[in-house]
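J.:
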Amino acid sequence: MNHLTPAEEKENIRAMRAEAIGQTQLLVEALPWIKESTGKTVVVKYGGAAMVDEKLRADVMSDIILMKIIGINPIIVHGGGNDITRICEQLNLPVEFKNGFRVTPPEVMEVVKMALIGKVNQELVSQMNEHGHIAVGLNGADGHIVKAVPVSDEMGLVGRVSEIDTTLLCDLISTDYIPVIASVAVGKDGQSYNVNADLVAGEIAAAIGAHKVIFLTDVDGLYRDFEDKSSLIMRFKLSEAIKLRDEGNLTKGMIPKVDAAITALTAGVSRAHILNGTIPHSLILEIFTDQGVGTMILPDSEDYAPEDFEHYPLDNLASKLHG
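When you line the sequence shown up against this note's numbering, it's residues 1281 to 1603, in that order.
1) If contacts are defined as beta-carbon pairs under 8 Å, then R1324 and H1491 qualify, I think. What distance do you get, rounded to the angstrom?
2) Secondary structure at I1301, three-state DSSP: helix, strand or coil?
3) Using 8 Å for Cβ pairs, my map puts I1458 next to M1408. What's the rounded Cβ distance?
4) What's the call for D1526, buried or exposed, on a 16-neighbour Cβ count within 10 Å?
5) Take H1561 as the anchor and find which of E1387, D1343, N1401 has the nearest alpha-carbon.
6) What's the C-alpha gap between V1357 and D1508?
7) Suppose only complete runs of 3+ residues qualify. What are the beta strand (DSSP E) ranges in the stretch 1445 to 1527, listed by chain order?
8) In chain order, what residues of the same chain have a beta carbon less than 7 Å from the beta carbon of G1328, not counting five sequence neighbours either side?
9) Output the distance between the C-alpha atoms of L1494 and P1386, rounded to the nearest integer angstrom.
10) Indicate the three-state DSSP secondary structure (helix, strand or coil) for N1401 in the structure shown.
11) Please return the same chain residues whose Cβ sits closer than 8 Å to the Cβ of T1365, not counting the five positions on each side in sequence.
12) Is the distance from the Cβ of A1465 to the Cβ of G1439 below 7 Å?
13) Less than 7 Å between the beta carbons of A1415 and V1429, yes or no?
14) Output yes or no for whether 7 Å exceeds the beta carbon distance between V1549 and I1559.
15) Can you find the residues in the same chain that come closer than 8 Å, C-beta to C-beta, to A1287, ignoring five residues on each side of it along the sequence?
16) Taking the alpha carbon of G1467 as the reference point, which residue from I1367, H1424, V1391, L1530 has its own alpha carbon closest?
17) Using a C-beta cutoff of 7 Å, does I1364 count as contacting chain C?
18) Answer yes or no: do L1518 and L1555 have a C-beta to C-beta separation smaller than 7 Å?
19) Can N1362 and A1462 be called in contact, C-beta distance under 7 Å?
20) Bridge partners of L1371, per DSSP?
21) Starting from the Cα of P1536, find the closest Cα among G1380, S1510, A1421, E1434 and give me that residue.
22) Using the beta-carbon count (16 or more within 10 Å), is V1332 buried or exposed?
23) Tell me, which residues are paired with A1552 by DSSP?
24) Check for me: the alpha helix (DSSP H) holding P1536 runs from which residue to which?
25) May I ask you to list the residues that DSSP assigns as paired with H1644?
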């Protein structure tokens, strides 16, 4: 059995006190952000490694539950590309992409529904409901939440959002449920469509008048030059986002996220965030700390100075949360 010297015991006490003070400071720092967000709706597009890795998924689920407990109304939109690809390969079905979108013939559309509705959605809802019966699994066809039209014949059953009906979502929020929506939409003829989850999240945020829309991805945020990691954009305005997109400076994975952010902010949503979901508790760090961890896009009407948004290194921010 190891015995500490008086000096070592004193140092341990100091370390524990410092940790407690740090955690208290984090809570105090969060208070104004909690006050700002309580009672408001936040749309979270959930995807990437944070969906695949069990530990990261547990972190995201706990963040969402905490948001709900605090009084925020989260709406979760998810895809599930890895599961779709895996099942297609098992069934010897084609796996083909054009311009970043999955080519979706009818037989692949059945796999999309099987993976997103039958597997991923149920898993997420089940994991959230371990904390109480608060999550409801949906897809865009339920209550015709997400209506779509086909993009083109060559893409098969890939859809573009044509309309959002928020009736069911508002009913669920008013009764304190968390809607968890698979990105499958419905057409006028009842046909199911495969719709990009980023774009669905942006359209839902716009239609419901969300306070924020948040996109979880596998990189730290948006870069002016993806090959230059020092070019991470921490804060910028809607017009700057549009310019970056129009100049063709976005990676394929970022194009739908930025398009969705533009849709949301143009409709009056106050903030769009692009976060690295592989950072533990990145949702909480972005929403409830002064520095945040990702890219935030603001309306052009807001003035800010870049020095107002200096970030700590991401590892240091994560350590702040964990003490």
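The beta carbon of each residue, even a glycine, is placed where N, CA and C say it ideally should be. Every value quoted in this text rests on a predicted model; they were computed, and no experiment measured them.
T.: Walking through what the data contain:
1) Correcting the residue identity first, residue 1324 is Val in this sequence and not Arg. No, V1324 and H1491 are not in contact; Cβ-Cβ is about 12 Å, not under 8 Å.
2) No answer about I1301 holds up, because its pLDDT of 48 lies below 50 and its placement is not dependable.
3) 6 Å
4) exposed
5) D1343
6) 30 Å
7) 1458 to 1462, 1464 to 1466, 1472 to 1474, 1492 to 1497, 1515 to 1517
8) L1496, T1497, D1498, G1557
9) According to the sequence provided, residue 1494 is Ile. The question's Leu does not apply to it. Looking at the two C-alpha atoms, the distance is approximately 31 Å.
10) helix
11) V1375
12) yes
13) no
14) no
15) none
16) H1424
17) Within the model displayed, chain C is absent; a lone protein chain is all it includes.
18) no
19) no
20) Beta-bridge pairing links L1371 to no other residue.
21) G1380
22) exposed
23) V1493, I1577
24) 1534 to 1546
25) For the chain, the structure presents residues 1281 to 1603; residue 1644 sits outside this window and is missing.
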